[in-house]
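Data block below; observations after.
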Amino acid sequence: MPVLVRVESDTVTVDGLRTALLQLIGSADVTARCADLRREQRDEGGVEQIEAATRP
Numbered sequence: 009m010p011v012l013v014r015v016e017s018d019t020v021t022v023d024g025l026r027t028a029l030l031q032l033i034g035s036a037d038v039t040a041r042c043a044d045l046r047r048e049q050r051d052e053g054g055v056e057q058i059e060a061a062t063r064p
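This is the structure in structure tokens:
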């Protein structure tokens, strides 16, 4: 089940933001999705592809 973290920008505190971020990064779903995205980026050429496209 996806982790839903809502932070109200007009009332958020440092502690509230820290708690929300820790909940998010501690989620197995988020960890798995990040791993998928890293794998996709690596498989598609990742940073090397971007650097090659922007070299003069």
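Add 8 to the 1-based position in the sequence shown for my numbering, that's all there is to it.
Idealized CB from N, CA, C, for every residue including glycine.
Note that this is a predicted model, so its numbers are computed, not measured.
With distance defined between alpha-carbon atoms, name the residue in Ser35, Arg46, Val22 nearest to Leu12. Taking the sequence shown and counting its residues from 1, the one referred to as residue 12 is at position 4. When each option's Cα is compared against that of Leu12, the closest is Ser35.
Taking the alpha helix (DSSP H) that Val20 belongs to, which residues open and close that run? Mapped onto the sequence shown, residue 20 falls at position 12. Unbroken run through Val20: none, as it is neither H nor E.
Span of the alpha helix (DSSP H) holding Leu45? Here residue 45 corresponds to residue number 37 of the sequence shown, with the count starting at 1. Where Leu45 is concerned, the enclosing alpha helix (DSSP H) stretches over 36-51.
CB contact flag (Leu32, Val38, <7 Å): Taking the first residue of the sequence shown as 1, we reach residue 32 at position 24. Taking the first residue of the sequence shown as 1, we reach residue 38 at position 30. Contact flag set, yes.
How many Å lie between Ala60 and Thr19 at the Cα? Here residue 60 corresponds to residue number 52 of the sequence shown, with the count starting at 1. Here residue 19 corresponds to residue number 11 of the sequence shown, with the count starting at 1. Computed Cα separation, rounded: 44 Å.
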